[in-house]
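Encoded as structure tokens, the structure appears first; notes follow it.
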Amino acid sequence: MFAELDEPPLDPILGLAQLLAGDTSPDKVDLGIGIYHDDQGRAPVLDCVKAAERWLLETQPSKRYLSSSGNADYNAATRALLFGDGSDGFARSRTIQAPGGTGALRLASDLLRRLSPGGRIFIPGPTWPNHPAIFKATGHELVVYPYYDIETGKVRFDEMMATLGAMGAKDTLLLHGCCHNPTGADLDAAQWSAIADLVSKTGAAVMVDLAYLGLGDGLSEDAAGIRLLAERLPEFIVATSCSKNFALYRERVGALTVVGASETNAVRAHAHALPVARTLWSMPPDHGAAIVAHVLGDAELRRGWERELATMRDRINTMRNRLSARLAGHGDRDYGFIARQRGMFTMLGISPEGVETLRREHHVHLTSSGRVNVAGLNEGNVDRVADAIAAVGNA
Ligand code: PLP
Ligand code: TYF
């Protein structure tokens, strides 16, 4: 069974770790995988997380099984973050804890396959490479809708809407809630509204992937899209992740939230998702979600988290401005889009060969798609990186 196997392809993002490890230059810069680094180039555990871990170590009475739904406090806190405590969206939603945003997406994909067999999933071009992989693994047919114009750095909204006009009632539209990966180009309020109108007409389902809440403009600002959907649509689903906004990457903290036309409908949808989760992982890992529940439930730790999150967000946006301004001094291309976009990523429009040159000659590591993790930039490397990008881009 194993003897005839070929070497499988590397993951386009995770595979970069080997190239990075093989680069012996002391000046190497990691702008590949989406991990936030501070100004010293470190990816530390947040202070609020450390405090909650100490609390958990001292007070956890048991490690007996919880349930397939996970930590109830974490689930309620997730809904409150998404829609606001006591809001209508909060009342008519229910959450299942999942192993990371990836687990939440896989659960959603399995659930959609059961509830809407034969439906297609419309995904943005480009999107996070794991999206098509997850949805294909569950047997979905995919349609890529135009999303990003690499020349202008803007959303190709008219073309997007034209393609989405072909959605039927069994189809599902995947949207990024904020901080689009890999482009950094997000939808504005008018565009979210036009999409809500369109899906109301077509009857298609909506699935929002919200993996970067709080890392764009702020916690409630980044939830504006899903809050608009909650006002306008009877139902939709949201996959969330605490990998980035709590820096809990390896702890695998995520959730799937279902919004129904009524609380009863949400409870019913949640009940149908539970047996699906049982076939996937039975119960989600506890540690990370227990930490998040404690941080969000403790007024002082929560304030601390919001401060640490704001520090990450502000540093990313400062680096966007710095990179954009430094590149403006080189050549004809308008790099203003880098400063206008949000989240960790931007696409430079560099060819795979250019990316290779950046890596070999400048020790700057990006994905071969030309995606830059802006959160890997800092005061010590941003000018050098900008100059290297300009040299390669203008070659
Ligand atoms: N969705 C998007 C767009 C992402 O970039 C990521 C990656 O971090 C995820 C979902 C899932 O992340 P995780 O499974 O690590 O929580
Ligand atoms: O896009 C990124 O870099 C992050 C991390 O299979 C990631 O979302 C990348 C690839 C992958 C899992 C996580």
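Residue numbers (the working numbering): 109 to 503.
Beta carbons: idealized from backbone N, C-alpha and C, even for Gly.
Model, not experiment: these values are computed from the prediction.
For residue i, collect the residues of the same chain with a Cβ closer than 8 Å to its Cβ; drop the 5 residues on either side in sequence, then sort them by chain order.
| i | result |
| --- | --- |
| L417 | G322, L323, L327 and N353 |
| P234 | Y255, Y256, P290, T291, M455 and S477 |
| G142 | I121, N289, K352, M452, F453, N481 and A483 |
| D495 | R434 and H438 |
Grab me the residues of residue i's own chain with a C-beta within less than 7 Å of its C-beta, minus the 5 sequence neighbours each way, in chain order.
| i | result |
| --- | --- |
| F265 | Q299 |
| M420 | Y144 and L323 |
| A332 | A297 |
Looking at C-alpha atoms only, which residue of the options is the closest neighbour of residue i?
| i | options | result |
| --- | --- | --- |
| Y320 | T246, E329 and I258 | E329 |
| D146 | N481, L118, V500 and T475 | N481 |
| D279 | R441, L190, T465 and L223 | L223 |
| E164 | A398, V493, I345 and A498 | The identity of residue 164 in the sequence shown is Leu, whereas the question assumes Glu. L164 has its Cα closest to that of A398, out of A398, V493, I345 and A498. |
| G247 | G261, G227 and I258 | G227 |
| G276 | T310, D305 and V252 | T310 |
| P342 | G368, L364 and S432 | G368 |
| A59 | D138, M315, V490 and G149 | The chain is shown from 109 up to 503; residue 59 falls before or after that span and cannot be answered. |
| S177 | A312, A381, K158 and Q168 | A381 |
| H378 | I424, L281 and A206 | A206 |
Taking the continuous alpha helix (DSSP H) assigned at residue i, which residues delimit it?
| i | result |
| --- | --- |
| R340 | A332 to R340 |
| N486 | Careful: N486 lies outside any alpha helix (DSSP H) and carries neither H nor E. |
| P460 | P460 to H470 |
| E416 | A407 to A436 |
| T167 | D155 to T167 |
| T280 | Counting along the chain, T280 falls outside any alpha helix (DSSP H), though it belongs to the beta strand (DSSP E) covering T280 to H284. |
| D305 | A297 to T310 |
Below 6 Å CB to CB, which residues in the same chain sit around residue i once its five sequence neighbours on both sides are set aside?
| i | result |
| --- | --- |
| H239 | I231 |
| R428 | I446, A447 and V482 |
| R430 | V490 |
| S133 | H471 |
Any idea what DSSP makes of residue i, helix, strand or coil?
| i | result |
| --- | --- |
| Y443 | coil |
| F110 | coil |
| Y504 | Residue 504 lies beyond the range of the chain shown here (109 to 503); nothing can be said about it. |
| M268 | helix |
| K262 | strand |
| L318 | strand |
| H473 | strand |
| T348 | strand |
| D138 | strand |
| R479 | strand |
What are the start and end residues of the beta strand (DSSP E) that includes residue i?
| i | result |
| --- | --- |
| A206 | S201 to A206 |
| F354 | It is not in any beta strand (DSSP E) - F354 carries neither H nor E in the DSSP assignment. |
| T132 | Looking at the DSSP string, T132 is not in any beta strand (DSSP E), and its letter there is neither H nor E. |
| T454 | F453 to M455 |
Counting only runs of 4+ residues fully inside the segment 184 to 247, write out the alpha helix (DSSP H) ranges in chain order. Here the runs fully enclosed are 196 to 199, 208 to 223 and 238 to 245.
Unbroken alpha helix (DSSP H) runs of length 4 or more, entirely within the segment 359 to 393: which are they? If we require 4 residues or more, the alpha helix (DSSP H) runs fully inside the segment 359 to 393 come out as 371 to 388.
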